[in-house]
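In the order they appear, the protein sequences are chains F and A.
Going from the first sequence to our numbering is simple: count from 1 and add 18.
Going from the second sequence to our numbering is simple: count from 1 and add 18.
For every residue, glycine included, the Cβ atom is placed at its ideal position computed from N, Cα and C.
Below: one structure, written as structure tokens.
There are 2 protein chains.
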Amino acid sequence: MARIVKKHEARKNEILDVAQNLFYTQGFDQTSINQIIDQVGIAKGTIYHYFKSKYELLDAVVERLIKQMKDAIQPILTNEELSAIDKFNMTFKIIGQMKFERKEFMLELLRVMNRDENVILHQKMVTRSIDYIAPILAQIIKEGIQENSLNCEYPDEVATYILGLSGYMNRYFTKIIIEIQEGREDIEVYMIQLKGLERVIERMIGAERETLSLADETLVRKFFTDQED
Amino acid sequence: MARIVKKHEARKNEILDVAQNLFYTQGFDQTSINQIIDQVGIAKGTIYHYFKSKYELLDAVVERLIKQMKDAIQPILTNEELSAIDKFNMTFKIIGQMKFERKEFMLELLRVMNRDENVILHQKMVTRSIDYIAPILAQIIKEGIQENSLNCEYPDEVATYILGLSGYMNRYFTKIIIEIQEGREDIEVYMIQLKGLERVIERMIGAERETLSLADETLVRKFFTDQED
DNA sequence: AAAAATAGACCGACGGTCGGTCAAAAATAA
DNA sequence: TTATTTTTGACCGACCGTCGGTCTATTTTT
Numbered sequence: 019m020a021r022i023v024k025k026h027e028a029r030k031n032e033i034l035d036v037a038q039n040l041f042y043t044q045g046f047d048q049t050s051i052n053q054i055i056d057q058v059g060i061a062k063g064t065i066y067h068y069f070k071s072k073y074e075l076l077d078a079v080v081e082r083l084i085k086q087m088k089d090a091i092q093p094i095l096t097n098e099e100l101s102a103i104d105k106f107n108m109t110f111k112i113i114g115q116m117k118f119e120r121k122e123f124m125l126e127l128l129r130v131m132n133r134d135e136n137v138i139l140h141q142k143m144v145t146r147s148i149d150y151i152a153p154i155l156a157q158i159i160k161e162g163i164q165e166n167s168l169n170c171e172y173p174d175e176v177a178t179y180i181l182g183l184s185g186y187m188n189r190y191f192t193k194i195i196i197e198i199q200e201g202r203e204d205i206e207v208y209m210i211q212l213k214g215l216e217r218v219i220e221r222m223i224g225a226e227r228e229t230l231s232l233a234d235e236t237l238v239r240k241f242f243t244d245q246e247d
Numbered sequence: 019m020a021r022i023v024k025k026h027e028a029r030k031n032e033i034l035d036v037a038q039n040l041f042y043t044q045g046f047d048q049t050s051i052n053q054i055i056d057q058v059g060i061a062k063g064t065i066y067h068y069f070k071s072k073y074e075l076l077d078a079v080v081e082r083l084i085k086q087m088k089d090a091i092q093p094i095l096t097n098e099e100l101s102a103i104d105k106f107n108m109t110f111k112i113i114g115q116m117k118f119e120r121k122e123f124m125l126e127l128l129r130v131m132n133r134d135e136n137v138i139l140h141q142k143m144v145t146r147s148i149d150y151i152a153p154i155l156a157q158i159i160k161e162g163i164q165e166n167s168l169n170c171e172y173p174d175e176v177a178t179y180i181l182g183l184s185g186y187m188n189r190y191f192t193k194i195i196i197e198i199q200e201g202r203e204d205i206e207v208y209m210i211q212l213k214g215l216e217r218v219i220e221r222m223i224g225a226e227r228e229t230l231s232l233a234d235e236t237l238v239r240k241f242f243t244d245q246e247d
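What follows is the structure, given as structure tokens:
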């Protein structure tokens with residue numbers, strides 16, 4: 019086969035792009051190293067020149083994703099015009115947006131992610147997001163406490179609880195969304211879950227009732243009703 | 019090899035016992051079918067006579083564990099002498115006990131469970147425990163609402179949130195426990211996490227402050243200080 | 001005689017290794 | 001400067017052991 023030489027970082031990113039896409043659309047277990055190297059157009063040995071193992075490749079994919087997420091959220095923190103609860107809402111909105119960028123892609127994604135075998139990617143995302151995002155969330159909560167708009171005894175811990183909970187709920191939500199898609203479940207089930215989660219997180223951080231909004235209700239409804247397949 | 023024939027259920031349980039033990043001490047991915055059949059003392063074909071796939075074997079292991087858990091919890095529900103919050107506390111105490119029956123075994127267990135590759139077993143446990151235990155928890159919450167000792171808008175949903183959250187936090191806790199074991203972290207970090215979780219769940223179900231107790235504090239401390247390795 | 005249980009040889013796919021190729025860059029000699 | 005040598009590391013693909021799973025023959029039970 020023809021030998022094509024590239025810059026280290028360029029090749030590495032090529033591999034990460036392909037791997038990320040395949041992990042997402044097929045799941046981690048269901049994606050073979052051979053599939054990845056075929057799609058990138060490199061040999062077996064080459065990929066092991068960049069990543070020591072398949073798991074290390076997964077780590078790198080997750081790491082890159084979370085870093086992107088963190089970079090998107092960071093600016094909200096420093097915006098002094100926003101109240102703590104506003105920052106909270108915006109943070110979740112951005113995380114949501116990053117996950118659901120394109121509808122068609124997302125539906126396939128959900129179907130794959132929901133299979134039990136593919137927990138690894140999801141779990142890794144949650145764990146790493148706790149490492150990266152929890153401190154940000156904790157800081158927002160502390161600001162809120164100083165502003166007297168929030169009240170919370172253990173802001174650092176609660177930040178991790180919120181991420182852990184929403185990580186879990188994401189998995190649960192995908193199940194519901196798939197069931198709604200297939201007509202086996204009603205939209206309202208999803209709306210109630212969403213509302214319930216909002217009220218619960220409000221209590222966790224000691225916010226006023228109905229001040230937290232994880233997702234725009236009309237937008238969510240539109241997502242389901244606009245479907246045409 | 020000598021041919022040993024057993025009753026269907028007996029053999030099935032033999033396989034489940036060995037599989038459960040290996041999944042726990044090595045992780046799911048790291049346990050091979052060959053290891054299991056060697057330890058049970060059967061041939062390859064035999065195990066596939068009982069379970070269609072390795073995943074189905076995992077499902078069966080988890081199912082059996084959760085059923086045991088449910089059976090242990092069920093009596094609490096019907097005990098009319100207990101208040102809702104008492105039932106809540108006892109439920110968590112029993113779940114905790116089942117997980118931490120033997121100290122030595124548990125420490126090995128924690129070390130294994132905490133490795134990222136072994137999420138599958140844990141995640142399956144969480145998912146299935148929500149199916150089985152959440153309705154029980156929800157009923158307790160509803161009783162508490164009627165008793166006026168709890169207040170909660172979405173009892174069914176909150177029940178799943180609590181289990182989802184404590185499932186995820188279990189994972190996080192194991193990390194801390196291992197770090198304490200290795201002297202890299204202080205016991206107090208764990209105590210704070212535990213307290214934080216108690217206060218948060220109290221808020222979720224609208225209980226009085228300091229009424230919820232997920233684990234006995236002195237017992238937890240004893241667990242760590244009694245260690246001699 | 002039929003059905004259920006057991007055995008173990010066998011299979012293709014998988015993740016990963018290894019010895020080695022080759023071109024560009026760096027160091028050295030002219 | 002230019003020519004020559006050395007070093008680096010990106011790249012290749014045949015190969016290996018292990019894995020989950022299949023298949024068929026055989027034995028036991030009903």
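- Taking 8 Å as the cut-off, the Cβ atoms of residue 181 of chain F and residue 148 of chain F count as close.
- Ranking F:167, F:64 and F:53 by CA distance to the CA of residue 100 of chain F puts F:167 first.
- Contact of residue 178 of chain A with chain F by beta-carbon distance below 8 Å involves 190.
- Residue 64 of chain A carries a helical assignment under DSSP once its states are collapsed to helix, strand and coil.
- Below the 9 Å Cβ cutoff, chain A contributes no neighbours of residue 24 of chain F, its closest Cβ being approximately 30 Å away.
- Residue contact check for residue 230 of chain A against chain F: no CB pair falls below 8 Å.
- Secondary structure at residue 49 of chain A: coil, using DSSP grouped into helix, strand and coil.
- For the stretch 137 to 154 of chain A, the set of positions with a beta-carbon nearer than 7 Å to some beta-carbon of chain F reads 137, 138, 141 and 142 in chain order.
- Nearest neighbour of residue 28 of chain A by Cα position, chosen from A:44, A:65 and A:41, turns out to be A:65.
- In terms of CA proximity to residue 235 of chain F, F:209 leads the group F:217, F:227, F:209 and F:243.
- Per the coordinates, the alpha-carbon of residue 160 of chain A lies some 11 Å from the alpha-carbon of residue 176 of chain A.
- Given a length threshold of 4 residues, the stretch 157 to 187 of chain A has no whole run of the alpha helix (DSSP H) inside it.
- Cβ-Cβ separation between residue 157 of chain A and residue 95 of chain A: approximately 7 Å, consistent with a contact (criterion under 8 Å).
- The beta carbon of residue 172 of chain F sits closer than 8 Å to some beta carbon of chain A.
- By the neighbour-count criterion, in which 16 or more other beta carbons inside 10 Å mark a residue as buried, residue 215 of chain F falls on the buried side.
- Counting other Cβ atoms within 10 Å of its Cβ, residue 49 of chain F reaches 16 or more and is therefore classed as buried.
- Linking residue 211 of chain A to residue 63 of chain F through their CA atoms gives a straight-line distance of about 45 Å.
- DSSP places residue 214 of chain A in the uninterrupted alpha helix (DSSP H) bounded by 205 to 223.
- Between residue 90 of chain A and residue 116 of chain A, the CB-CB gap stays under 8 Å.
- Nearest Cα to residue 207 of chain A within the set A:238, A:229, A:47 and A:138: A:238.
- One thing to note: residue 142 of chain A has its Cβ within 8 Å of the Cβ of residue 76 of chain A.
- For residue 25 of chain F and residue 67 of chain F, the gap between their C-alpha atoms comes out near 13 Å.
- Less than 8 Å separates the beta-carbon of residue 183 of chain F from that of residue 179 of chain A.
- Residue 132 of chain F has its alpha-carbon roughly 33 Å from the corresponding atom of residue 93 of chain A.
- Against chain F, the CB of residue 175 of chain A has a partner CB under 8 Å away; the residue lies at that interface.
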